[in-house]
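Counting with our numbering, you get residues 3 to 199 for the letters of the sequence shown.
We treat Cβ as the ideally placed atom computed from N, Cα and C, and that holds for glycine.
All of these numbers come straight from a predicted model, not from anything done at the bench.
Written below as structure tokens is the structure these notes are about.
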Amino acid sequence: MKKLLLAVLLTSSIACFSQETTSETKTIYKRDITKNELSIGALNLVAFGALDITYERIINPNSSWAIEGFVKALNRENEDVAEAYSRDFSLTGKFKYFFSDRSAWGFYVNGLGMLSSGEYDNDDYIYVDDGNGGGYYTEIDSDKKYTDFALGFGLGGKFVSKQGFVFDLSTGIGRNLFNSDSPTIVGQFSANLGYRF
């Protein structure tokens, strides 16, 4: 009987010990160990006919850097959505800081630098003399081409599945610094779909 009781106690203690070690092991998913992401701006493509591609590199669990290329791909001058972007091309660099312990996902803030070019509708007013000692101001429509560099900031949220699929929703604002013919403020709003590899 003593041998049987000793065998039962020994077996149950081994089973308890093996359960403890099994519960402490952590499952590691692809999203937690890979460092590169490639995504496309689905909202910009569908709504505005713009190709917006982003490459992002994870530095550590709380930070990453990204480079975004934007090209107005479709000619939509006759539509109202053409007013959404005055830029035809932009190249944007971002540094993102994440407020989560997960590997570069969750809520974040970012700093950005954007080099952009395009055509900006810069309405000017001129004074017209009527010849009788009076006159009036009239508006002349003048679209001017520009190239400028902007600095700004943004915020967003990134969600990554266990398999590495990415959904990144972000917004940002910046100020052009050098060209008087460019828009003073540039904005970004994107809903990116991608993959972490």
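6 Å Cβ shell around residue i - same chain, five flanking residues per side excluded
i      : result
Gly189 : Ile175
Phe109 : Phe101 and Gly159
Arg89  : Ser118 and Gly120
Same chain, Cβ closer than 7 Å to residue i, neighbours up to 5 away in sequence not counted
i      : result
Val162 : Arg33, Trp107, Val168 and Arg198
Asn46  : Ala52, Asp54 and Ser192
Glu22  : Residue placement at Glu22 is flagged as unreliable, the pLDDT there being 45, under the threshold of 50; a coordinate-derived value is accordingly withheld.
Neighbour-count burial assignment, residue i, 16 or more Cβ in a 10 Å radius
i      : result
Ile60  : buried
Ala152 : buried
Gly137 : exposed
Gly133 : exposed
Thr56  : buried
Asp145 : exposed
Ser182 : exposed
Paired residues, beta bridge with residue i - DSSP
i      : result
Lys146 : Tyr122
Trp67  : Arg59 and Phe97
Asn46  : Answer is none; Asn46 lacks a bridge partner.
Arg33  : Note: Arg33 sits in no beta bridge, so no partner.
Thr140 : Ile128
Assumed close pair residue i, residue j - CB separation to whole angstroms, cut-off 8 Å
i      : j      : result
Leu93  : Phe155 : 18 Å between Cβ atoms; not a contact.
Ser66  : Lys98  : 5 Å
Ala227 : Lys96  : Residue 227 is absent from the structure shown; the chain starts at 3 and stops at 199.
Phe50  : Phe72  : Phe50 to Phe72, Cβ: 10 Å. No contact.
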